[in-house]
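*Asks:* In the numbering used here, the protein residues as written are -17 to 52.
Think of the CB as a built atom: it goes at the ideal place given N, C-alpha and C, for glycine as much as any other residue.
Just so it is clear, the structure is predicted and the values come from calculations on it, not from any experiment.
1. With the cut-off set at 8 Å, would you say residue 50 and residue 33 are in Cβ contact?
2. Using three-state DSSP, classify residue 0 as helix, strand or coil.
3. Following the continuous alpha helix (DSSP H) through residue 18, name the residue where it begins and the one where it ends.
4. So residue 57 is in the beta strand (DSSP E); what residue range does that whole segment cover?
5. Checking 8 Å against the spacing of the C-beta atoms, do residue 35 and residue 44 come in under that value?
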């Protein structure tokens, strides 16, 4: 049992060191990408479970929706 603890401890230490290095090498987030996005709810706007949704490209306010409960 003692031999197992002695062999497992260095493995955890090495894994910890590599995980710290991976975090340090992570890419920085560019805030310009976030500012270019805007929130848009794509639905479905009705409650309950939905089976299928289809919209009309020429009429953005028209959509057809099939619900599981009728």
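*Replies:* So, to answer that:
1. As a position in the chain shown, residue 50 is number 68, starting the count at 1. As a position in the chain shown, residue 33 is number 51, starting the count at 1. Against a cut-off of 8 Å, the Cβ pair of residue 33 and residue 50 comes out as a contact.
2. Along the chain shown, one-based indexing puts residue 0 at 18. Reduced to three states, the DSSP call for residue 0 is helix.
3. In the chain shown, residue 18 corresponds to position 36, counting from 1. It spans 13 to 18 - the alpha helix (DSSP H) in which residue 18 sits, taken as one unbroken run.
4. Missing from the structure shown is residue 57; the chain here goes from -17 to 52 and no further.
5. By 1-based counting over the chain shown, the position of residue 35 is 53. By 1-based counting over the chain shown, the position of residue 44 is 62. Result no, Cβ atoms of residue 35 and residue 44 do not sit closer than 8 Å.
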